[in-house]
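The numbers in the UniProt record's numbering rise by one with no breaks, and the one at position 59 of the sequence shown is 59. Below: one structure, written as structure tokens.
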Amino acid sequence: MLLTDLNIYPACPDDAQMLADIRVESMRPSLEALNRFDPVRARERFLSTFEESDTFILSLDGEVAGFYVLRTYPEYFYLDHFYIKNQFQGRGIGSIVMEGLKTQASTLKKPIRLIALKESPANAFYLSQGFVFEREEGVDRHYFWELDGL
């Protein structure tokens, strides 16, 4: 895959239901491993906080490949959601997006924070991207990334 093949564009209000579906399917294996899968709750949690201004859709060859939600706070960025559909995983999309987010954070001299479910394969991905494990609370693992010297 070439970097130019990946399109990233802002979400609009009409995208909310589709993105909730992606979230539910992406989280299903990790939540089932924790015996906590509830598709209705997973959809409602996403839809209740959906802000199109923070949400970006990832498209490859004209098909939605995933999305991320990056919230901006005075002292840091919070990567609230980051999902790549199963059929698009392993193609480098996550790494490309993460490099862009880290560049943005570095430019603005802010760290990035995120939370991943402890049974999620995403934990290994975030560690491979230079995120540092901070703490575990219940089923959640907290991570942060910052450029040296921030």
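All residues carry an ideal CB built from backbone N, CA and C; glycine is no exception.
What residues in its chain sit with their C-beta under 7 Å from that of GLU134, if we drop five residues either side in the sequence? HIS142, TYR143 and PHE144
Taking VAL139 as the reference, give the member of ILE84, GLY130 and SER30 with the closest Cα. SER30
Suppose the cutoff is 6 Å on Cβ atoms and the five residues either side in sequence are ignored; what does the same chain contact list for LEU19 look like? PHE67
What does the Cβ neighbour count give for LEU108, buried or exposed, with the cut at 16 atoms within 10 Å? exposed
Separation of PHE125 from THR72, as counted between CA atoms: 22 Å
Does the Cβ-Cβ distance between GLU52 and PRO13 come in under 7 Å? yes
Given that a residue counts as buried once 16 or more other Cβ atoms are within 10 Å of its Cβ, and exposed if not, what is GLY94? buried
Separation of ASN86 from ASP38, as counted between CA atoms: 19 Å
Among ILE8, ARG36, ASN7 and ILE22, whose alpha-carbon lies nearest the alpha-carbon of LEU117? ARG36
Spatial neighbours of SER120 within its chain, please: CB distance less than 7 Å, with the 5 preceding and 5 following residues excluded, ordered by chain position. SER30
Do you know how far the Cα of GLU44 is from the Cα of ILE115? 18 Å
Among GLY100, ARG28 and PHE50, whose alpha-carbon lies nearest the alpha-carbon of ALA122? ARG28
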